[in-house]
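If you want this note's numbering, it's the 1-based position in the sequence shown plus 700. I have placed the structure first, in the form of structure tokens, so that the comments after it can refer back to it.
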Amino acid sequence: MTTPQRDRPLLAAVVFAVLFAQVLLYPGIPALVAELGASPAAWGGDVGAVLDAGKWFLTAEFLGFVLCAGLWGAASDALGVRTPLIALGAVGGAVGYLSLALLPSVGAVPYAWVLGLRFCQGVATIGAFSLAITTLMDLDGGHGRNMGAAGLAIGGGTALGSPLGGQLYEVGTLVPLYGATVALAGAGVLATLASDRTPASGGRDLRAILDSVRDRPAVVVPFAFGFIDRLTAGFFALVGTVYFQSAFDIGAAGTGLLLGAFFVPFALLQYPMGRLSDRIGRIVPVAVGSLGYGVAIVGVFYAPTVVTAGAAMVVVGVLGALVAPATMALVTDLAAPTQRGIAMGGFNVFGSLGFLTGIIGGATLAGGVSFEVAFLAVGLAEVAIAAVMLPVLLRLDVT
């Protein structure tokens, strides 16, 4: 077995573990923040209060992502290493999850401290996630294949994390935090087993690395798609969860299954869709897939039953699988080999900003106006970015 063949599944397993840990928490966020010291209102028909209860807990983590994804990438390019930093980020994330799980046993703690700890956990976790993907990019064998493996890991982690997280909440509100701790600790161990294939750029100044991205302005295109795609993920993580529970009167376990209806096909099709983009190019998967993806998101709201909503989520998952690996591969196509770390860091910054926008903007629209307006806004935003960026995509020199 060649080194890329050995390292590709190993690094994908690290990405899987990080996403699995993250998504374990989503199906029962309102109950979790109550356990950690927030004061969310009882349902009582007040959807806005419930949305607000989980909004800041999710936001704190992704602020850590936004502020530090690029810094991890720049540091790795400057130091000329990947795997030691991946291990450090994963272990730091495990400590963060464990600390959150233990907080209620300490006694009354200001909720601001909880959010601060959540922020630190996000800072550590984004290092493991972003740099594991960056190390995948350094492998031979085709960018679509490598990003397809990353996408498969992302989808697989979320596919299993959502339904399993819902079941763990039935055991105890804090149990998903312990599960996340184990997953991140395992990711730290796996990171030490991977070969470090960093391009020889360790002597460069951090500012020079950051400035060099300006030489490749075309990377803004996949950044924009990454922003909108992750916006939809943030939207479903909170607004979708609350919508499913309020519209169909289901609990965390049922919500996890509905989220899984999206993530399972999203996971299973990532790798073949990545290979497809290697053969036919990035334009059709990114542009056409995004158009269909946006329309399908709107269709989820108009599904009248749990079964039809689940079917709509499957369609969203299939189209999402078409878009995601091609978008990540586009980053590697456009970035210089010695700046892929910072390029992927930038991609994750835009993605995390999108996730934050999906959480905050989606919750604001759903709570202040209606779920219908929120679903329409998110779905049509995906359609709009595809229409606006299509002429730019057609001018890019990528295969």
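Virtual Cβ for every residue (Gly too), placed ideally from N, Cα, C. Note that the structure is predicted; figures quoted are calculated from it, not measured.
query: Apart from the five residues just before and just after Ala794, which ones in its own chain have a Cβ nearer than 6 Å to its Cβ?
result: The residue labelled residue 794 in the question sits at position 94 within the sequence shown. For Ala794, same chain residues with a beta-carbon under 6 Å away, outside a window of 5 residues either side, are Thr881, Leu884, Ala885 in chain order.
message: Give the list of continuous beta strand (DSSP E) stretches no shorter than 3 residues that lie fully inside the stretch 972-1022.
response: Entirely contained in the stretch 972-1022, not one beta strand (DSSP E) run reaches 3 residues.
- request: Under 6 Å Cβ to Cβ from Val875, same chain only, skipping five residues before and after it: list those, please.
  value: What you label residue 875 is simply residue 175 of the sequence shown in a count that begins at 1. Excluding residues within five positions, the ones whose Cβ falls inside 6 Å are Leu868.
field: Three-way DSSP call (helix, strand, coil) for Ala1087 in this model
entry: Numbered from its first residue, the sequence shown carries residue 1087 at position 387. If DSSP states are grouped into helix, strand and coil, Ala1087 belongs with the helices.
- request: Identify, in the order they occur along the chain, each residue of the same chain with its Cβ nearer than 6 Å to the Cβ of Ala713, setting aside the five sequence neighbours on each side.
  value: The residue labelled residue 713 in the question sits at position 13 within the sequence shown. Result list for Ala713: Leu890, in chain order.
message: Just verifying my parser: in three-state terms, what is the DSSP assignment at Thr873?
response: The count along the sequence shown starts at 1 and reaches residue 873 at position 173. Residue state for Thr873 is assigned as coil, using DSSP reduced to three classes.
- prompt: If you draw a straight line from the alpha carbon of Phe936 to that of Trp772, how long is it in whole angstroms?
  reply: Reading the sequence shown from its first residue, position 236 is the one you call residue 936. Reading the sequence shown from its first residue, position 72 is the one you call residue 772. Rounded to the nearest angstrom, the two C-alpha atoms are 27 Å apart.
query: Nearest to Gly1046 by alpha carbon, out of Met1028, Ile1059, Ala787, Leu1022?
result: As a first step, residue 1046 is located in the sequence shown; it is residue number 346 there, counting from the start. Closest in C-alpha terms to Gly1046, from the list Met1028, Ile1059, Ala787, Leu1022, comes Met1028.
message: With three or more C-beta pairs closer than 8 Å as the rule, is the stretch 1074-1090 touching the stretch 985-1003?
response: The stretch 985-1003 makes contact with the stretch 1074-1090; the number of CB pairs closer than 8 Å reaches 3 or more.
query: With burial defined as no fewer than 16 other Cβ atoms inside 10 Å of the residue's Cβ, what is the status of Arg782: buried or exposed?
result: To locate residue 782, count along the sequence shown from 1; it is residue 82. Per the 10 Å Cβ criterion, buried.
- prompt: When you compare only the Cα positions, how much space is there between Ala1003 and Pro810?
  reply: Counted from its first residue, the sequence shown places residue 1003 at position 303. Counted from its first residue, the sequence shown places residue 810 at position 110. Roughly 41 Å between the two C-alpha positions.
- request: Report the rounded CA-to-CA distance for Leu1053 versus Arg706, giving the unit in angstroms.
  value: The residue labelled residue 1053 in the question sits at position 353 within the sequence shown. The residue labelled residue 706 in the question sits at position 6 within the sequence shown. Approximately 33 Å between the Cα atoms of the pair.
Local Cβ density within 10 Å of Gly872, reported as buried at 16 or more and exposed below that: Looking up residue 872 in the sequence shown gives position 172. When all chains shown are included, Gly872 counts as exposed.
- prompt: DSSP on Leu906, reduced to helix/strand/coil?
  reply: If you number the sequence shown from 1, residue 906 lands on position 206. For Leu906, the pLDDT reaches just 45, beneath the cut-off of 50, and the residue's location in the model is therefore unreliable, although a value from the coordinates is still provided. Assignment of Leu906 by DSSP, reduced to helix, strand and coil, places it in the helix class.
task: Measure the C-alpha to C-alpha separation of Thr835 and Asp752 and round it to an integer number of angstroms.
output: Translated into positions along the sequence shown, residue 835 becomes position 135. Translated into positions along the sequence shown, residue 752 becomes position 52. Rounded to whole angstroms, Thr835 to Asp752 spans 37 Å at the Cα level.
field: Inter-residue CB distance, Val733 and Phe757 (contact presumed, cutoff 8 Å)
entry: Within the sequence shown, numbered from 1, the residue matching residue 733 stands at position 33. Within the sequence shown, numbered from 1, the residue matching residue 757 stands at position 57. Indeed, because the Cβ distance is near 5 Å, the residues count as touching under 8 Å.
field: Span of the alpha helix (DSSP H) around Ala937
entry: The sequence position of residue 937 within the sequence shown is 237, counting from 1. Ala937 -> no alpha helix (DSSP H), and no H or E assigned at all.
Through-space distance from Leu788 to Tyr797, alpha-carbon basis: In the sequence shown, residue 797 corresponds to position 97, counting from 1. In the sequence shown, residue 788 corresponds to position 88, counting from 1. Near 14 Å, if we compare the C-alpha coordinates of Leu788 and Tyr797.
field: Segment contact, 8 Å Cβ cut-off, at least three pairs: the stretch 961-970 with the stretch 846-858
entry: Yes, they touch.
query: By the 10 Å Cβ neighbour count, where 16 or more other Cβ atoms means buried, how is Arg1040 classified, buried or exposed?
result: Translated into positions along the sequence shown, residue 1040 becomes position 340. Result: buried.
query: DSSP state of Val1049, grouped into three classes?
result: Sequence index remark: in the sequence shown, residue 1049 carries index 349 (1-based). If DSSP states are grouped into helix, strand and coil, Val1049 belongs with the helices.
query: Would you call the CB atoms of Phe762 and Leu959 closer than 7 Å?
result: Along the sequence shown, one-based indexing puts residue 762 at 62. Along the sequence shown, one-based indexing puts residue 959 at 259. Taking a C-beta distance under 7 Å as the contact criterion, Phe762 and Leu959 do not qualify as a contact pair.
task: Assign Asp949 to one of two classes, buried (16 or more other C-beta atoms within 10 Å of its C-beta) or exposed (fewer than that).
output: Counting from one through the sequence shown, the residue named residue 949 turns up at place 249. Exposed is the call here.
- request: Can you grab the Cα-Cα spacing for the pair Leu710 / Gly934, in whole Å?
  value: Looking up residue 710 in the sequence shown gives position 10. Looking up residue 934 in the sequence shown gives position 234. Each residue's alpha carbon lies about 27 Å from the other.
query: Are Leu839 and Arg979 closer than 7 Å when you measure CB to CB?
result: Start at 1 with the first residue of the sequence shown, and residue 839 comes out as number 139. Start at 1 with the first residue of the sequence shown, and residue 979 comes out as number 279. Their beta carbons are not under 7 Å apart, which means Leu839 does not touch Arg979 by this criterion.
query: Just to confirm, are Gly1119 and Ala924 a CB contact at a threshold of 7 Å?
result: For the chain, the structure presents residues 701 to 1099; residue 1119 sits outside this window and is missing.
- request: Helix, strand or coil for Pro784, going by three-state DSSP, please let me know.
  value: Translated into positions along the sequence shown, residue 784 becomes position 84. In the displayed model, Pro784 falls within a helix according to three-state DSSP.
Own chain residues within Cβ distance below 6 Å of Glu870, not counting five before or after: By 1-based counting over the sequence shown, the position of residue 870 is 170. Excluding sequence neighbours, Glu870 sits near Ala953.
- request: Check Asp949 in the structure and name its three-state DSSP category.
  value: What you label residue 949 is simply residue 249 of the sequence shown in a count that begins at 1. Three-state DSSP puts Asp949 in coil, outside helix and strand.
message: What would DSSP say about Ala900, mapped onto helix, strand or coil?
response: Position 200 of the sequence shown, counted from the start, is the residue given in the question as residue 900. Reliability of the predicted coordinates at Ala900 is poor, the pLDDT of 49 falling under 50, and the value obtained from them is presented with this limitation in mind. The three-state reading of DSSP puts Ala900 in coil, since its state is none of H, G, I, E or B.
field: Ranges of the beta strand (DSSP E) found wholly within the stretch 792-819, counting only runs of at least 3
entry: Annotation: the stretch 792-819 contains no complete segment of the beta strand (DSSP E) (minimum length 3 residues).
message: How far does the alpha helix (DSSP H) with Val733 in it extend, from its first residue to its last?
response: Counting from 1 along the sequence shown, the entry for residue 733 is found at position 33. 729-735 is the extent of the alpha helix (DSSP H) around Val733.
field: Inter-residue CB distance, Phe819 and Ala760 (contact presumed, cutoff 8 Å)
entry: For the purposes of this step, residue 819 is identified with residue 119 of the sequence shown, where counting begins at 1. For the purposes of this step, residue 760 is identified with residue 60 of the sequence shown, where counting begins at 1. Indeed, because the Cβ distance is near 5 Å, the residues count as touching under 8 Å.
- request: Output yes or no for whether 7 Å exceeds the beta carbon distance between Leu724 and Val814.
  value: On the sequence shown, position 24 is the one that residue 724 refers to. On the sequence shown, position 114 is the one that residue 814 refers to. No, the Cβ-Cβ distance between Leu724 and Val814 is not below 7 Å.
- request: Kindly indicate which residue of Leu1096, Val823, Ala1024 has the alpha-carbon position closest to the one of Leu976.
  value: Here residue 976 refers to the residue found at position 276 when the sequence shown is read from its first residue. Residue Ala1024 is the option with its Cα nearest to Leu976.
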